[in-house]
Structures are given as C-alpha cells and as structure tokens.
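Participant: My structure is below; once you've seen it, I'll send some questions.
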Amino acid sequence: MSESMCQCGYPIHDHDKAAMDHPKQDLQSQTDTLQWTSDQHTVSTQTNAFGEIEFVGFNGNAKVRYIKDAWIITGGTHVGVAKYVGEAVKYSRFNSDDHRDIVTIGIAPWGVIHNKHLLVNTKRSTPIEYRIEDKPNDQERFLNPNHSHFILVDNGTQHQLETETAIRATLECTTCRKYGNDFNTIPAVLLVIDGGRRILKTIINALSKNIPVVIVKGSGRVADLLADALKNAEESDFIGKDDMENEIKKIRKSLTDNQRRKMHDKMMSIKFCEEKDIDTNIKEIEACLDKFWLINIFELGGGDEDLYNTMFFAVLRGPDRLNDIMVSAIESNNVEFVELLIENGVNIETFVTVRRLKTLYNGMKVWKLSYLIIYYSISLHFRMSCYCTSTEQQINMKEVGILITHLLDDHYIEQYRTKKGNHLPKNATFENPFLHLLIWAVLNNLQNMAKLFWSKGMDSIAAALLAHALFSAMKSKIKNATSNLYEELEDNSREFMGFATEVVDIFYRTYENDAHDLLVGELSSWEKASCILIAMKLKNQTFISATPCQEVFNTVWMGEMTQDNGILKLLLCMLFPPLIPLCVNFKDNTDNESDPDDDTTSETVQEDQDQSTGESSPDVSVQQKETKLKYCSKAKNNIQHFYGAPVVKFLFHAISYMAFLCLYSYILISKFDQNCSVEDVVLILWVAHIFIEEIIQVIATRYIYNEIKLKAYIADFWNIADILMIVLFVIGMILKHLHCPNTLEAARIVLGINLITFFLRLLQIFSLSKELGPKLVMIIRMVRNLTSFFVMLIIFIVAYAIASQAILYPNTEISFNLLWVIFRRPYWNIYGELMLDEIEGTNDCTNILELYINGTQPRCPTDSGKYAVPVLMGMYMLMCNILLLNLLISIFSNTYQKVEDNADMHWRVQRYHQIQEYITRPLFVPFYLVDVLCLKRFRCRYKPENDGSETNVFYRQVVREREMSIAQIIINNKQADLESIDNSVTAIHKRLEKMDSKIDTLQEQQHTGTATNENPQLGRGQTEFPTESESITGEPGPVTSDQMTGNIEQKLKWIVDTLKKYKPGAKQASPEKNVDRVEEYVR
C-alpha cells in the first residue's frame, strides 16, 4: 500500500484532524502492521453533510402505480433497482391526483458516493447543489435525485459496499415496532429484484427481524437463486422452542448435496461471484431458508396487481396480525379491503369470536344508529338494562340481544340472550360467523359491508330476511328523526328484500325439485327454524306471497295426496273411508314402497313356471300373502295420509263447526232453561275444546319467550275474537245456571250476543277463497278505520246531545236513564230517524214535575227549544250525514283500493296462516282430543324424512351451497351493473372532452381575425363561452351524469346562440341547419 493511503481507502491527508490527534490512534505507525477495522480505528463526530439537496442535470421518466402512505427504502444510488424505483416515484408524483409526497428513503454508504464533497454543508440553512453529469468510476455511485430522504452511512471506509446493511435492518425493524393511527404496528416488506451477493446479507438481516421478503422470480441472480432453493429444498422436522420456551415440533427446509452442486454450477455460469466465495453464498442462502415461511415468491409477468397482492399478504402473513387488521378494516367500513382479506387469508370461522364481536360493538364508529333508536323509541328500563348491567361499562352480547329482541319482537341468536351467552369463552366461535358480522353491519347501517357479509355467509335467504326486518324495524323506530336516514333505511330494507326473493326465484327456476327443502328445511344456526317460518315470524308478507313459497304451501296443504284431488272427491271419501284407496290419488313413494306391477309380474311368471312343471310350489302362497300384506299396508298408509292432510283437517273442522253452530242455535232458541241438559254438556265440552285449541296455538308458536308468544297471539284479529267468544260464553253459562229469576234473561242476552261472535268466526273459513279472502282483510281494516273514526264522530254526538237536551228539557234530574235518553236521539238521527215528536212535543205532554218524573205523561219541550233545536239538528245532520259519513266512505274506499291492489298477496298470506294452523290442529273434534294431545308434538311435520341421516345432511349441505352460490352471483351481477354504468359514464366523459376541445377551437376561431373578416358581426357578439371552471373537466374528481347533462346544455346553448348571430346570405346555411348539424355531432 502506498504511504499516502490508509487501509480505510482514503488518503491520509483526507483524514479529519480529530481522528489524527485521537490518543487511541497512531495511524502512521500502525498502518502497515495491523489489520484495519471500523470499530477500533474510527472516531464518531458530528456530521457535516446535513440539509437539503437540489439535483442538477437530471431528467427521467418511468411509470409505476402510486403507493399511498408507504415508505420506500432503497439503496439510494443511481444504479440498479434503486434508479428505476426513483424514476417511477417521480412519474407518480406528477401524474397522480393525490398530491401527497411519497416518502422514498435512500440508505447508502458514504464511501461509495460520487462527488460526496458537494454534500458537505457547513451552513445548513441553504440547500446544496448536487450535480449528476459525468460518468463516475466503477467504485462510486451517484445519489438518485428522486428520493425524498437520504441516510448516508459512514463507517470510515471508502469504496466498500454493504456498510449500511446493519443500520438499514435496524431502522426497518424499529419502524415496524411503531404503532399507526389504528393502533396496529407498521408493516414492512423487503422486495428483492435481481440483486447481487451483498443483497443476501440484507435478506438475512430482514428475516432475522421477522420482516417478510418478496422475491421476484425471473428477475435474475439472487432472486432466481433463492426462488429455486426455496422450491427445491426438502422439509424436515426438528424440536424447537416457542416464545414461551416450550418445546414444540417445527419444520425446517434445507438443501441436499445434489442441490448444492447444481446451485454451485449455476453461480459459476452466471458469474455471480468469485469461486472462492460460492460456498459462503450457498450457506447464506441456506440461512435464508431457516425462515422460509417469511419468503414469498412472485412469478415475473404476473401483472402489477398480483405483485401488489403478493407484497400485501406477505406483510400480513402472521394470523394474529391479519385478524387485527381485519377488525380495523371492518370498523373503518373498507369493504374492498375486507373482501380481499376474506378471499386471501382470513379464516372467518376462527376470526369471529365473542371477544372480537365485543370489540366491534364497542368500537368508536359503532352503535351510532342504535343510539338513535334507543333515544327515540326505547324505554328507560331498556336503556338502563343495556348500560347498567355491565360491570365493565361496555356493551356485551346480551345487550345486543336485548336490542334485537326489541326491534323484532323475538330473538334468533341464542347466544345473545341466554345467560350462558355472557359467560362464553372469549375465543368461542360461532356456527355461522358471517351472520353475526351481518347483524353488526345492519345495526350500524353499513349497507355495502352488510351485502358483503351476506354474500359470503350461509343461509342467504334467512339472513336477507333478518337484515330486511332489522332495517324495517329501525326505520319504524326513528321515522321522526331525520328524513334522509329514514329513506336510506327504507332503501336498504328494500334491497335485502329483493335479495331474498331473487335467491328464491333463481333457485326455484334452477332446482325446482329442491325448492321445498330450501324453504322448509330446518336451519341449525337459526334454532331449527325454516326460511318460511322466519318470514312468518318477521311478518314478511312479500316473501310469503312469492310463487316458490306458494308452491310449497300447495304441497303441504294436500299432504301426501296429489293436486288433482277435488273437494267433492275428498268430501265423499270422508263420508265413506273405504273409497280412499280407490278414489284418492297419492304421490309415488318409491323409496318406501315397491311397485305393485313388479310384484304382479313376478307372481305371474312364477305361476307360469308352476303350470309348466305341473308342480305346486310352496313359495306361491307365501308370495301371495306378502303381496296382500303390502297392499293392506299401502291402503292403511294412504288412509293415514288422507286424514293427516291439512285440507282434510280443514274440511272436518268446517263441518264440525257448522254442526256446533246448529247445536248452539237449537239450545238458544228452543231449549233454553236453567236445567243442565245433555245438549248443554256437549256444548260446554265443545267450547272447552276450542279453548284448549287456543292454548295449543299459543304454546305451539315458534317464539322463545312467553311474553312474545302472547303478544304475537293477541296481534291476530281472529284470536281476539276467539277470546271474546270464550269469555262471553263462560259469563252466559254462569248466569244461566245460577238459578236466579233475573239472571236467566241476562244469560239469554249474553249468549245471544255470543252466538253472533261464533257466527262471525265462521268467516275465517272463507279466507282460503281467492275471491272472499281479500274481502275479509277489507272488513277487518274497515272495522279498525271505523273504530278510529267513531272517536271523532262521538265528539259531534256528545256536543249536540247535551246542547239539545239542555235547551229542550232544562233542569233534568241526573239518573242512569238520562244517559240513554240524551244519546239515543242524536245517534239515530244519523240514520234518518229524526224523532220530531220529542223536539216539537205531543198533545199529551205536560210540564208538571210529578207527572213526567213517574212516567205518567211525557215532558213538554220548551218553546224556545222548538225553534232552536231544529236549527242545531240541521247543522248536526249536515256535519254528520254529509261531511263525516262521506269522509268515512272515502276512508273505506281508500282501504278497499289498497287491499284490492294487493289482493293476491293478502290471499296468499291468509292461506299460509290457515295452512300453518291446520298442520298442528288435531283431526277429530271434540272427541279423542286428549288422546291426540298426548301424542302431539309441537313441530312442523312436513320436513324431509330421516332428517338425521348422513344422506340427508349431505343433501341439505348441497342445497345450502347452491343457495350461497346464487347469492354470490346476485351480488356479482349487481357489482357488474354498477361497473358497466361507471364505464358508460367514463366513455361519455371522454366523448364530451373531445367535443369540448372542438368547441374550444370554434370559440378561438370566433375571436380571431379570420372569423371577424368572414362575418364581422360574429366577432362583436356578446356570447360568452362557459368558463373552464364550469366545464366538465374543470374540477377534479368523478363527474356525475347530472353534471354532464348540465355541461352539455351549456355547450349546446352557446353553439345555438353563436350560430344565431350569423346573417342569412347566399352561401350561408341557416341557423336551424347549423343547430341540427351540431346536435347530430353531439349524438
């Protein structure tokens, strides 16, 4: 070595004076005798290369996707990958709509920087100029001008690479330990493209800090070598330790001797390094394989999106980290990000736990809508139960269940309301995890997120019905809050209703034979309820009235019989049961029964063989007995199926109810006394049977809580009528058998009214009629309208009654009879009974107190009353008979029209309720009722047989998978429609931009001399072209169709106004033609 050069690579005269005078250093004497090291022979001082750099003499261009909110760390020099990354960053800065700067950090060794003396800045207040001009020598590099920050590492050496590797790895690791705005650690990934031998140490340092690595296979050198090693390495087991120092079984990858030889030859062929260093580099590659799970391979040519996805999921390779980011993405309503995570790494079954659900429900952005619901509609008791039961002052799953129950009047998720729901382990999972995420999204009015979870989950129909019900319930609770929110909830509810019906329709058209199982099959995650039952409990009339549901109802209504059996045939068979096997057609049940034709054929063949041989076989009689037994068994089963069909039960009930009314009428008309006859006993037992049936109806309701069952029972108009019937009957019978002379007459009146209610109950039978069923709905609604109308009518009646009584008969004594007298006349006046004798008086009337008090003679009205009351009556009749009654007629007409417009839907819903009722109703009434109840199980009988068998479980799973696929197709189609609309808007935007440029050219011609000479008046026009700020491209961001339409109108208006300024001439086209030409161009 030259005397003027130090082992560090710098001339001795370039050393800092502080280093030369340091007591531990004697460079002149030790240079030739000792091996130089950075730790022993360098002194740390304050840097003098600090500040801002202005690059001079550089211009580059490249394209890369803009990376937001990321730090890009490179080698920082103007060679290799760092050069192209810098050029891509520069292009992105000038071509991206986002004006945020990209943080690009270059970490380079100080000793290899060319013109590093220019970087010395003693002032630090002004930027320094760094020129990129001439070509540097082979041992030096220029700094890349497109990096935002540089860290220049100086360990005292010159022209030595890899000195920055340790500091770079430390910086990356330290950065990854920091926390971002979402309280998650900042991710990092090392991207390896090509790369020389020194990149191996960078990879090893990154892997040692658990930083994932993405290798671009096909880019050359290190990237290809490491990708081949990872692909061909063999796996082996070994015993290692986890973070808690527990011994666990781990997997490692290593190279065989044959693979090492192949890698040695490949390094030699590509001249990767000197031959003496090949073994060292192979060992470094094997060291990288120690953490093979952090290495990700990207095939070159896969596209930008695939590279970004590979880098993204390399960052999120750790499951815990992936789950935490999933929670943050859900809370921030980032639908696309959540979908990407679900499709590429998140195990949703293990992700959705009780702990994470609680985290979501207690997040910053959740419960915003639920707070409004609670504030506007829920009682103080409910609020206290939600916010005071939790010792941790946090919302738990029980409180979510309380809210759902309040909204839907029932509960569908068992864990949310049961006591064990609050004591579930924090890591407990759910059978249908997407359902719980859907409920969270719906309660927070996150429609797009809810649609994503709905499309990914099981039981799509039931989930859509639940989402529709929740949105509708929230809409009804906060309808007085804000109109925009109300409309938004209504749109969301309508969209999920469309999803449910669309899935059913598509499934019915595609798999018609499986639609029955889809709609009535029990759903394990919905407490064994079916889709139809859920729709019924949610009062979803639209879904129940859908055609696929009605087809299922037809099947259930006829039981095991075919649809071609008429009512007359069924009535005839009910009277003569032996005709059932002969007249009634049943469905083929090939699974449980053999074909009789096959038995007959085999029997005939056997007989022919016996005749041909002349011998009688003992098997013939056995076969004949078996055949008879089969026919008898089939006949018995058919009879059971006949009487078990809901349609037969309905006919039996209708006939028996008419017999009950006949018996009741006979007792009331001809045999009504205080003696307890046989007819009375039969009648009492019959009504007792009706009462027991009502109890059965309440108990058999598929609701969890008794108060909800009772509320649902009372909500039905006919159930209220049943309660009234039974109560009146009990009161009448008690009065009848008290053996008091006055109570018998009261009993006759009460039971007479009771008979009327029983006759009115007969109307429910006609609800199955397509013509009369909607009319019953009209009657019920009109009765409700009349109830509210009567409140208003009674005000007029009371006002006129008191005023007229006071004027006609002043100072009348108070008595119970007075109430009857006062309101009798005004009420009957409405129907045309004027009762003028009471107003004008009669010849035998008197004003003597004693005579009209004891009823000897009627009281005479006052003279003034004879003139004043008729006037009041005229006004009263005008208001009631003309105004109020016509108003009532209008209300009835409106009710009629609303029901008539949806008559088919109302009939289908009524039909469903009748079918549901007769599925669980006993056949024979009132006798054998106790026996039937003892054998009765309150469940739907119409479900697939052998429900617990493996075959049926597999079949049900196939149906659910088909349902999920249809739901996914619907969401994809809707997304494609939206994208096609966006593409159409974009195409229109581009066409309008072209038109805009044409119009700009036309405007320029208007203001030029050429245009002025051709037509001077055009240049003097006052028309102003729309400014750039008003044009389509004047504002950044997406352009709506309304904005485009407005801009088109502005352009066309300007064109028309401009063309109208031309004077007509011999060679000049008319303005109308010009306008037509311009409009044609626009089209």
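Positions in the sequence shown are counted from 1; adding 6 to them yields my numbering.
Glycine is no exception: its CB is placed at the ideal position from the N, C-alpha and C atoms.
Owing to the predicted nature of the structure, the values given are computational and were not obtained by experimental measurement.
From what residue to what residue does the alpha helix (DSSP H) around P4 run?
Facilitator: Here the chain covers residues 7 to 1089 and nothing more, so residue 4 does not appear.
Participant: Just list the residues that DSSP pairs H155 with in beta bridges.
Facilitator: In DSSP, H155 forms a bridge with I111.
Participant: According to the neighbour-count rule (16 or more other Cβ atoms, all chains shown, within 10 Å of its Cβ), is C555 buried or exposed?
Facilitator: Buried, since its Cβ has 16 or more Cβ neighbours within 10 Å.
Participant: Can you tell me whether K593 is buried or exposed? The criterion is at least 16 other CB atoms within 10 Å of its CB, across all chains shown.
Facilitator: So K593 ends up on the exposed side.
Participant: Straight-line CA distance for N438 to I538?
Facilitator: C-alpha separation (whole angstroms): 19 Å.
Participant: My understanding is that P867 touches I845, with C-beta atoms under 8 Å, so please give their C-beta distance in whole angstroms.
Facilitator: Yes, P867 and I845 are in contact; Cβ-Cβ is about 6 Å, under 8 Å.
Participant: With I134 and N127 assumed to form a contact (beta carbons below 8 Å), what rounded beta-carbon distance in angstroms separates them?
Facilitator: Sure, about 5 Å apart at Cβ, within 8 Å.
Participant: Whose C-beta lies closer than 7 Å to the C-beta of T848 among residues of the same chain, with five residues either side of it excluded?
Facilitator: Counting only Cβ-Cβ distances below 7 Å, and skipping sequence neighbours, we find P864.
Participant: Determine the contact status of A727 and L689, defining contact as a CB-CB distance below 8 Å.
Facilitator: No; because the gap between Cβ atoms is not below 8 Å, this pair is not in contact.
Participant: Is I210 near E290, with beta carbons less than 8 Å apart?
Facilitator: In this structure, E290 lies closer than 8 Å to I210 by Cβ.
Participant: Measuring straight from C-alpha to C-alpha, what distance separates E685 and V510?
Facilitator: Cα to Cα, E685 sits roughly 52 Å from V510.
Participant: Beta-carbon within less than 8 Å of H165's beta-carbon, same chain only, minus the 5 sequence neighbours each way: which residues are those?
Facilitator: Cβ neighbours of H165 beyond the five flanking positions: G15, G117, V118, Q145, E146.
Participant: With distances taken between CB atoms, is the gap from N712 to G738 smaller than 8 Å?
Facilitator: Not a contact, by the Cβ cut-off of 8 Å.
Participant: Exposed or buried, N5, counting other C-beta atoms within 10 Å across all chains shown (16 or more means buried)?
Facilitator: Any property of residue 5 remains undetermined from this structure, which presents the chain solely from 7 to 1089.
Participant: Hey, quick one: how far does the beta strand (DSSP E) through W299 stretch, first residue to last?
Facilitator: W299 -> no beta strand (DSSP E), and no H or E assigned at all.
Participant: Pick helix, strand or coil for V733, following the three-state DSSP scheme.
Facilitator: Helix at V733.
Participant: Would P1123 pass as a contact of V562 if the rule is Cβ separation under 8 Å?
Facilitator: The requested residue 1123 does not occur in the structure, where the chain is confined to residues 7 to 1089.
Participant: Is DSSP giving I276 helix, strand or coil here?
Facilitator: Three-state result, I276: coil.
Participant: With DSSP collapsed to three states, give me the class of I134.
Facilitator: It is a strand residue.
Participant: Rounded to whole angstroms, what's the CA-CA distance from L734 to M455? Just pull it up for me.
Facilitator: Approximately 54 Å between the Cα atoms of the pair.
Participant: With DSSP collapsed to three states, give me the class of F666.
Facilitator: F666 falls in the helix class under three-state DSSP.
Participant: Please determine, among F559, N451, I331, the residue with the shortest C-alpha to C-alpha distance to W913.
Facilitator: If we check each option's Cα against that of W913, F559 comes out closest.
Participant: Mind checking K96: buried by the 16 CB within 10 Å criterion, or exposed?
Facilitator: Buried: at least 16 other Cβ atoms inside 10 Å.
Participant: When the Cα of G369 is compared with those of V333, I348, I354, E345, which residue comes out closest?
Facilitator: When only C-alpha atoms are compared, the closest one is V333.
Participant: Determine the burial state of Q916: buried for a count of at least 16 other Cβ atoms within 10 Å of its Cβ, exposed for fewer.
Facilitator: Buried.
Participant: Compare the beta carbon distance of L524 and F513 with 8 Å and say whether it is the shorter of the two.
Facilitator: In this structure, F513 lies closer than 8 Å to L524 by Cβ.
Participant: Apply the 10 Å Cβ neighbour rule to T262 and answer buried if 16 or more other Cβ atoms are within range, or exposed otherwise.
Facilitator: Looking at its Cβ environment, which holds fewer than 16 other Cβ atoms inside 10 Å, T262 is exposed.
Participant: Can you give the Cα-Cα distance for K268 and V228, rounded to whole angstroms?
Facilitator: C-alpha separation (whole angstroms): 15 Å.
Participant: Using the Cβ count rule (16 or more neighbours within 10 Å means buried), how would you classify R174?
Facilitator: Result: buried.
Participant: Determine the direct distance from the alpha carbon of K742 to that of D679, and round the result to whole angstroms.
Facilitator: Approximately 7 Å between the Cα atoms of the pair.
Participant: Does DSSP classify I675 as helix, strand or coil?
Facilitator: Reduced to three states, the DSSP call for I675 is helix.
Participant: Roughly how many angstroms lie between the CA atoms of I410 and L476, to the nearest whole one?
Facilitator: Those two C-alpha atoms are separated by around 8 Å.
Participant: Please confirm if the region 871 to 885 is in contact with the region 749 to 756, defined as three or more CB-CB distances below 8 Å between the two stretches.
Facilitator: Touching, no.
Participant: Can you tell me which of G86, S154, V85 puts its alpha carbon nearest to the alpha carbon of I78?
Facilitator: For I78, the nearest C-alpha among the options comes from S154.
Participant: Would a C-beta distance cut-off of 8 Å place Y924 and K655 closer than the cut-off?
Facilitator: Yes, Cβ-Cβ distance for Y924 and K655 is below 8 Å.
Participant: Considering Cα atoms alone, identify which of W532, A76, Y136, A335 is closest to V195.
Facilitator: Among W532, A76, Y136, A335, the Cα nearest to that of V195 is on A76.
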